[in-house]
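One rule links them: number in our numbering = place in the sequence shown (from 1) + 42.
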Amino acid sequence: AVAAASVADSTVETERRELLLRAALHEAESLRTADANDQSRELHELGAELTKLRKQLSKQEVESINAQMAASAQLDMHKKKVEAQVRAELSGKLAELQAQSNEKGLELDRMRKVLNEAEAEAVHARERREGAERRLESEREAHRRSQRTLEAELYASQSRLLRRTEQLLKLGP
């Protein structure tokens, strides 16, 4: 009975851990999906901002060319500088987002590894429980056989005692 309770407790604990790990994995996957959506939105916003900046630069360039032909070289240099800065900012932001995505991927891989280990542990615990249940049933059957044997021997002893008592009473006073 103690072994069966211990096996049941172990199984419940293993299943509880498995559920907790599955919930944690689901949460990590949800976070990664949310991060990916945020990254996509940010890239889209940066692209729109870049488009806006390019339009502004083009407008400034046209106004500058119309106003002064001599200032066109200065505007070209300014445009290239701004584009380089935007590219540098975008490259930095993209690298940062990629690093975050990689970190989330590593975290997800770790969670999957933990889940796989927990599942393997759960299988092992089930196998141990099933083995314990088989041993327990075997012990119960052996106990039942022993009980039947003892009862048969007791009945035989009672029958012999009764016969001898009857013999003594027949021989007696």
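Don't be surprised by glycine CBs; every beta carbon is placed ideally from N, CA and C.
Note that the structure is predicted; figures quoted are calculated from it, not measured.
| field | Proximity below 7 Å, CB of A174 to CB of A45 | value | yes
| What residue ranges within the region 81 to 115 form continuous beta strand (DSSP E) runs of no fewer than 3 residues, ordered along the chain? | none
| query | What whole-angstrom Cβ distance do L132 and E84 have, given they're in contact under 8 Å? | reply | So it is not a contact: roughly 10 Å between Cβ atoms.
| said: So the candidates are A66, L210 and V49; which of them puts its Cα closest to the Cα of M153? | reply: A66
| request: Decide yes or no for the touch test of the region 82 to 98 against the region 195 to 210: beta carbon pairs closer than 8 Å, at least 3 of them. | output: no
| Selected residue, minimal CA-CA separation from V54, among Y197, R168 and Q81 | R168
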